[in-house]
Each structure stands twice: as C-alpha cells, then as structure tokens.
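Asks: Residue numbers (the numbering used here), protein chains in the order written: chain A, 810 to 1033; chain B, -11 to 389. No residue lacks a Cβ here, since even glycine has one placed at the ideal position from N, Cα and C. Keep in mind it's a predicted model, so treat the numbers as computed, not measured.
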Amino acid sequence: MELRAEGAARFFLRKMKSSNIIYAVQKTDLTLEPGQLAVISGRSGSGKSTLLNMMCGLLKPSEGTVWADGLDLYSLGDGALSRLRNEKFGIIPQGGSGLGSLTILENVMAPALMYGKGKEIRKRAGNLLERFGIAHLSEAFPKELSGGELRRMAIARALILQPEVLFADEPTGDLDDENTALVLSVLRDAADKGAAVMLVTHEGSAAAYGDVLYAMHDGVLSGN
Amino acid sequence: MKFRHFLSVRNLLRRPVRTAALVLLSVFMSFSVFAGSVITASLRNGLESYSARLGADVVVVPYAATTKGTLESVLLQGIPGNFYMEAPLYEKIRRIEGVEVAAPQFYLASATASCCSVAVQLIGFDPDLDFSIQPWIRRSYEKELAEGDIIIGNRISMPTDRILSFYGVDCRVVAQLDETGTGLDTAIYANMDTIAAMIRGAQERNFHYFDDIDPANAVSCVMIKVKDGYDPELVAGNINIHVRKVSASKAGSMISGIAGGLKNVSAVIGLLTAVIWILAVVILAVAFAMISHERRREFAILRTIGATAGMVSGVILGEAAIQSLIGAVCGIALACLAIFPFHTAISSALGLPYLMPRISAVLLYAGLAILFTVAAAAGISAFSAHRVSRQDAGILLREDN
Ligand SMILES: Nc1ncnc2c1ncn2[C@@H]1O[C@H](COP(=O)(O)OP(=O)(O)O)[C@@H](O)[C@H]1O
Ligand SMILES: [Mg+2]
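#1: B:Cys209 bridges to which residues according to DSSP?
#2: Within its chain, find whatever has a CB closer than 6 Å to the CB of A:Asp1020; leave out the 5 residues flanking it on each side and keep chain order.
#3: For B:Ala354, which residues of its own chain have a beta-carbon under 8 Å away from its beta-carbon, when the five flanking residues on both sides are left out?
#4: Could one say the Cβ of A:Pro870 lies closer than 8 Å to chain B's Cβ atoms, at least one of them?
#5: Measure how close the beta-carbons of A:Gly899 and A:Ala967 come, nearest whole angstrom, since I'm counting them as under 8 Å.
#6: May I ask you to report which of helix, strand or coil DSSP gives B:Met299?
#7: Using a Cβ-based criterion (distance less than 7 Å to any ligand heavy atom), does A:Gln845 qualify as near ligand 4?
#8: Tell me the rounded alpha-carbon separation between B:Pro329 and B:Leu322.
#9: At 4 residues or longer, and completely inside the stretch 898 to 957 of chain A: list those alpha helix (DSSP H) runs for me, N to C.
#10: Thinking just about the alpha-carbon of each residue, which of A:Asn916, A:Lys897, A:Ala944 and A:Arg940 is nearest to the one in A:Gly1003?
#11: What residue does the alpha helix (DSSP H) around B:His382 start on, and which one ends it?
#12: Spatial neighbours of B:Ala44 within its chain, please: CB distance less than 7 Å, with the 5 preceding and 5 following residues excluded, ordered by chain position.
#13: Determine the closest residue to A:Asp878 out of A:Phe821, A:Arg940 and A:Glu811, with distance taken between C-alpha atoms.
#14: So who's on the other strand from B:Ile176, going by DSSP bridges?
#15: Below 7 Å, is the gap between the Cβ of A:Asp978 and the nearest heavy atom of ligand 2?
#16: Would you say the beta carbon of B:Thr415 is closer than 7 Å to some non-hydrogen atom of ligand 1?
#17: Hey, could you find the ends of the beta strand (DSSP E) B:Lys238 is sitting in?
#18: Mind checking B:Ala134: buried by the 16 CB within 10 Å criterion, or exposed?
#19: Give me every residue whose Cβ sits closer than 5 Å to any heavy atom of ligand 1, in chain order.
#20: Measure the alpha-carbon distance for A:Ser871 versus A:Pro902 and round it to whole angstroms.
#21: If I measure Cβ to Cβ from B:Ser37 and keep anything under 7 Å in the same chain, skipping five residues before and after, which residues do I get?
#22: Just the C-alpha distance for B:Glu286 and A:Leu908, rounded to the nearest angstrom, thanks.
#23: Given that a residue counts as buried once 16 or more other Cβ atoms are within 10 Å of its Cβ, and exposed if not, what is B:Asn389?
#24: Give the C-beta separation of B:Val303 and B:Arg(-8) to the nearest angstrom, bearing in mind that I take them to be a contact with Cβ-Cβ under 8 Å.
#25: Could you give the DSSP three-state label for A:Gly1003: helix, strand or coil?
#26: Please report how far the alpha carbon of A:Pro843 lies from the alpha carbon of A:Ala1017, in whole angstroms.
#27: At a Cβ threshold of 8 Å, is A:Ala1005 touching chain B?
#28: Just the C-alpha distance for A:Ile831 and A:Ser1031, rounded to the nearest angstrom, thanks.
#29: Please go through the same chain and pick out, in chain order, the residues whose beta-carbon is closer than 7 Å to the beta-carbon of B:Thr261, but skip the five residues on each side of it.
#30: Check each residue of the stretch 963 to 986 of chain A: if its Cβ is closer than 7 Å to any Cβ of chain B, include it; give the result in chain order.
#31: Going straight from the alpha carbon of A:Val995 to that of A:Ser858, what length do you get?
#32: Just to check, is the beta-carbon of B:Gln379 closer than 7 Å to a non-hydrogen atom of ligand 2?
#33: Assuming B:Val207 contacts B:Pro92 (C-beta within less than 8 Å), just tell me the rounded distance between them.
#34: Identify the contact partners of A:Arg892 in chain B, using a Cβ-Cβ distance below 9 Å as the criterion.
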C-alpha cells in the first residue's frame, strides 16, 4: 500500500502572545512506498509524532489530505478507518504501550482477537515472541516487563497481522544499544519483505537503516 | 465471548481495588432504594392490616384504659393489658342511637404460661356478636370455637392440638392466625366461656387484676359497627355524653395517628435514600471522570490496534454495567439480611404495625432497585465514554498533559 500526504498540516490551539494557534506540522507532502524504510529525524517538539499520527489515521489533519492507495483516509467512517488500521497498519506508539490487564501474549494477539481471528494467529504470536526473545514472558503482565521488553512486545503486536504499512514512533527511545540494533533490524526486515515503513527517531544510527531520510524542524519536513 | 467483553472483565479483575470501590457505591445505591421501599411498603401494609383487624367504626374502652393508651399498646405492641368496665355500661352502649352491633371483648394477661416466655394477651369474644375477629379466624379455621379451644397469633410458635394451660384451664390449640404485623400476632383468642373459666382460675389464684369489678360481669372493650347513615364521630360523641366512665373513639382516628407516623417515617426514609443517591451519583460521576481521564492512553492504544470508538465505549460501558450489577445484587442481599430477620425489631423501634409485602412485590422492588442502580452507572459512564470517543486518538495518545 502506498500512503501519501498531500499538503497535510495540523495546528493546535494554544495561548501565545502573538497568536492562539501553533502549527505542529506545516503543509507537508510525504510518500511512503512499499519496500521502503523512511527515516524522519528531528528534535523533540518538532512535530514528528503529529505527522506520524496523521499518516496512520489517528489524527485528522487540519488541512490537506492523506491518501491510501488513492483513497482519502479521513473520508472513511470510523468503522472502516479502524478496520484499515487493524488489518493494514502496524503502529508502534511512542512510549510504553502495553494494555495493563492483558498478558504479553494477549497483548500481542489483541489486534487479531478484536475482530475474531484469534485461533489461527496463536502460533504466529508465539513465533514473534520467540524471535524477540520474550517468549518466556508470554504469561506475564506489562507492569512486570522492562522498557526494552515492552518495546519488543509492541513491535510484535504491530507485526502480528502482517501489516502493509508499519509506523514506529521513536521505537528505540529508551533502549540500550543491543535492543536498538534489534529493533532497527526488525524494521529493516519488514521493509525488505515489502512493507512501507515510517520510522520517527532522534537516533543518529537509524539513518544507516533507511532508504529515504527526512529531517523535521519546527513543523517543516525536508528531504535530503 | 467478544473481545470487548473479555477486556471489560479483565480490566475489572486486574484492578480489584478500583473495582471494589465502584461496586461499593452501587451497593449503597441499591441497598438504600431497596431497603427503603421494602420498609415503606411493609409499614403501609401493616397499616392496612391494622385497620382491617380493628374492623370497627367505633371503639369503646373504660376511661382508665385511655389515659395509659392501653388499648393501643395491646394492638400495636402486644403488651398485655387488663382493663374492665361493668356489664351494665355495655348494656347502655348497646342502646345508644346509631349503634348497629356492639361486640364486647374481654382481655386478660396470661400469667407466665407453659407456652410463652412472656405474658401474652388472652382475648375473649362473643361468637354471636363479634364481627371483627371471626372473619379473620375463618381464614385459618372453619369450625366454631368450642369451649377450651384457642387460636394463637402468628408469632406464637406452638403446634396445633398442643394443650396449654392458663390459670388452670387446659386449652387446645386449634389453629394459628395469619400474620397481621400488629400486637395481635402475640395474642391468643378464645370464646367468652373459656375466658370466664380462666377468670375464675385467676381469682382463685389471687390475681388482682379486677379491682372492685366483678369479672364475671365485665367486659374490656366494645367494638361498634354503626348503622348505615350514621357518622361514627357522632355515635362516639353520643356514647361519651351518655355513658360515664368510658371513652369512645372513632376507629379512624386511631388509624390516622398511625398513618401520620407512617407518613413521617416514609418521608425520612425517602429523604435518606435521596441523599444517599445524590452523594453516590456525584461520587460516581467524579470517579468515572477521573478514571477515564487517567485511562486516556489505554483507550488510545486500543484505537491504534484497530478498535473503533464504539468498541472503546463498549468496554467502558461494559465495565460499568458489570460492576454496578454486582453491586446492586450485593446491596439487595445485604438489605435482605438487614431487614428480614429483624422485622419485629424494626416494628417495635418504629412503634408502627409492620407487615411484609407479598414476595412478588419484594421481587419487583429488587428488580427496580437493580434497574435504577445499573441505569445510573451506565448513564454516568456513557458520559465518560462519549467524551473519550469524541477526541482524536492521536491526541489521547500523548503521554504528557
Ligand atoms: N494535542 C496537542 N495540543 C497542543 N499542542 C500539541 C498537541 N500535540 C502536539 N502539540 C505541540 O505540537 C508540537 C509538536 O509535537 P510532537 O508532534 O509531539 O513533537 P515530537 O514528536 O517531534 O516531539 C509541540 O510543540 C507540541 O507541544
Ligand atoms: Mg514524539
């Protein structure tokens, strides 16, 4: 699936001396292509998360459009958009994202269980946990895991339904070098298998894994 | 099970303290409304049964019995009384204009008898004249009461055919009456001949209940039915004017005193229930608002993996429904434990007749209490669910703020 932002911008209301609105993301064009890993780097507060959320259907742009294979993402109803997110997108949010009342295995299977496809996915969930080295934690709850383990769980959950587009918002944020390398290679691998991948990071080492590099500065995206 | 139901249940189980606190609020809500309505209904029912048992238009007692409120304590609390008027007074009362039937009753307190740990009221009536006791007896005993037969009130536990002895007179229990919720539940009924035998026994045993009145020639009170077209108030007035040493009162005024008491008690119960509900609803609303604010990110994460706003609302509503249902059921169970074993205590604490409504009515009140409690929680949580689903998930997802 090709995902394309066309003039997408987003502002927020905020009390300021001069004006009440601040643009977190200025009018932006961005295309995520299958098989490509796009790396977007920038300082904290530059608008990376806002852009990512607009791309993945979680935040409606205040201007512009996001096209998914020629379909206006935000013209879809909540039901269809949610379904699309469930089946075609894999999202790794910034920060910890465990659902506290579910075990690690249930967390990973949740996207499948949600629309009633639990059984056949069970084995795949087991394999992913194995691959990320957290199989022994499948019956544990998120609060019992370290930051790195939780991040690996979030990645397994994002991959469970073999998404066509993968979004990762600072997935290596608070990880050690070993975990960082693991996460980045997993994203690289997903792109090699044909997914469009959007990686938002302030990690310098991430650039080496990317096909396309962008920099975000005060809400303005620039290529290189 | 649907995933959102599974998730609701899991969320409740994994947060036992939070869940228990919310369940507790629902316990208060259903307890108060259920207990309040059962007690109020029991009092209303008790009042009805009391006026039905009184069954007369005018009640006449000797003057001495009014100052002490003795008849009322017999009828309401079942405290045995001994008060008498001479038979000629009865004859006079009978001839007052407007009196259709004047049925005498004779009261005698038992000395600690073989049956009961406390003294009970023995009530004698004249089967030919009585119109208030016999229709009630008919419900549990078809035949005429022979000499030596007694019928016991509902709260005296004795099997039929048991022989009890009062003042040396052996009596056979022939039946037990239905519950009335009044003092009459601890009374024992016999015809005048049986009572006369007991009186002789009491005199022989030197009980000085009778002062200088010859008990063989006395009655305790007279129940009057007035002729059609006569005002009970006027008939009572006439008796008070023409017959000395007695006091006649309209039965209605004895009842209206109780009705007034009932109104007050119901008002207090209503007020208490309202206060509990207002408090509980406010606390519940604040708690839900705080909890759903706290859980914003959890809901947003559900959205990132593909949950619709409706599913997230479903999880919130599901949790509210389950915990309020559990709370409501527990509240009713607690109320049952608090009310049913203690009706005697409640009745005597309030000093009002108290009679449980039919089980179908109790079930109805329970159903309504559950419905209201669950509806309140669902309504309040629907408000939170709406606030959550109105926002873009991308905004809820932000960890700060
Ligand atoms: N919901 C919001 N309300 C107000 N301001 C916001 C909101 N979301 C983001 N912002 C602002 O927009 C800017 C970009 O935020 P964000 O996209 O989170 O940056 P980054 O992910 O690059 O750190 C920041 O200045 C942030 O304070
Ligand atoms: Mg960010």
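Replies: Walking through what the data contain:
#1: Per DSSP, B:Gln93.
#2: In the same chain as A:Asp1020, and ignoring 5 residues on each side of it, the C-beta atoms closer than 6 Å to its own belong to Gln845 and Leu846, in chain order.
#3: Only Phe22 and Ile320 meet the Cβ criterion.
#4: Among the residues facing chain B, A:Pro870 is not included, as its CB has no counterpart in that chain under 8 Å away.
#5: Taking 8 Å as the upper bound for CB-CB distance, A:Gly899 and A:Ala967 are in contact here, some 3 Å apart.
#6: Helix, per DSSP.
#7: The model on display carries ligand 1 and ligand 2 but not ligand 4.
#8: Between B:Pro329 and B:Leu322, the C-alpha separation is close to 11 Å.
#9: As for any alpha helix (DSSP H) of minimum length 4 sitting wholly inside the stretch 898 to 957 of chain A, the runs are 913 to 923 and 931 to 940, ordered along the chain.
#10: That would be A:Lys897, whose Cα lies nearest to the Cα of A:Gly1003.
#11: The sequence given here places Gly at residue 382 of chain B; His does not occur at that position. Element bounds for B:Gly382: Ala381 to Leu384.
#12: Here B:Ala44 has Ser120, Met211, Ile212, Lys213 and Ala239 as same chain residues with Cβ atoms under 7 Å from its own Cβ, once five neighbours each way along the sequence are excluded.
#13: Checking every option, the nearest Cα to that of A:Asp878 belongs to A:Glu811.
#14: In the DSSP output, where bridge partners are listed per residue, B:Ile176 has B:Leu110 and B:Ile140.
#15: For ligand 2, a non-hydrogen atom lies closer than 7 Å to the CB of A:Asp978.
#16: Here chain B has residues from -11 to 389 only, and residue 415 of chain B is not among them.
#17: Counting along the chain, the beta strand (DSSP E) containing B:Lys238 begins and ends at Val234 to Lys238.
#18: Residue burial is scored here from C-beta neighbours: B:Ala134 has fewer than 16 other C-beta atoms within 10 angstroms and is therefore classed as exposed.
#19: In chain order, the qualifying residues are A:Phe821, A:Ala833, A:Ser853, A:Gly854, A:Ser855, A:Gly856, A:Lys857, A:Ser858, A:Thr859 and B:Ile383.
#20: Rounded to whole angstroms, A:Ser871 to A:Pro902 spans 21 Å at the Cα level.
#21: Result list for B:Ser37: Thr168, Gly169, Thr170, Pro341 and Leu343, in chain order.
#22: Distance from the CA atom of B:Glu286 to the CA atom of A:Leu908, rounded to whole angstroms, is 6 Å.
#23: The predicted model places B:Asn389 with a pLDDT of 44, which falls under 50 and marks its position as unreliable; any figure quoted below should be read in that light. Counting other Cβ atoms within 10 Å of its Cβ, B:Asn389 stays below 16 and is therefore classed as exposed.
#24: Correct: roughly 5 Å between the Cβ atoms.
#25: Reduced to three states, the DSSP call for A:Gly1003 is coil.
#26: Taking the straight line joining both Cα atoms gives about 19 Å.
#27: So, not an interface residue.
#28: Roughly 19 Å between the two C-alpha positions.
#29: Cβ neighbours of B:Thr261 beyond the five flanking positions: Ser20, Val21 and Gly24.
#30: Residues Arg966.
#31: A:Val995 and A:Ser858 have their C-alpha atoms some 21 Å from each other.
#32: Set against 7 Å, the gap from the CB of B:Gln379 to the closest heavy atom of ligand 2 is not smaller.
#33: Contact between B:Val207 and B:Pro92 holds: CB atoms are separated by about 4 Å, below the 8 Å threshold.
#34: Chain B residues near A:Arg892: Gly294 and Thr296.
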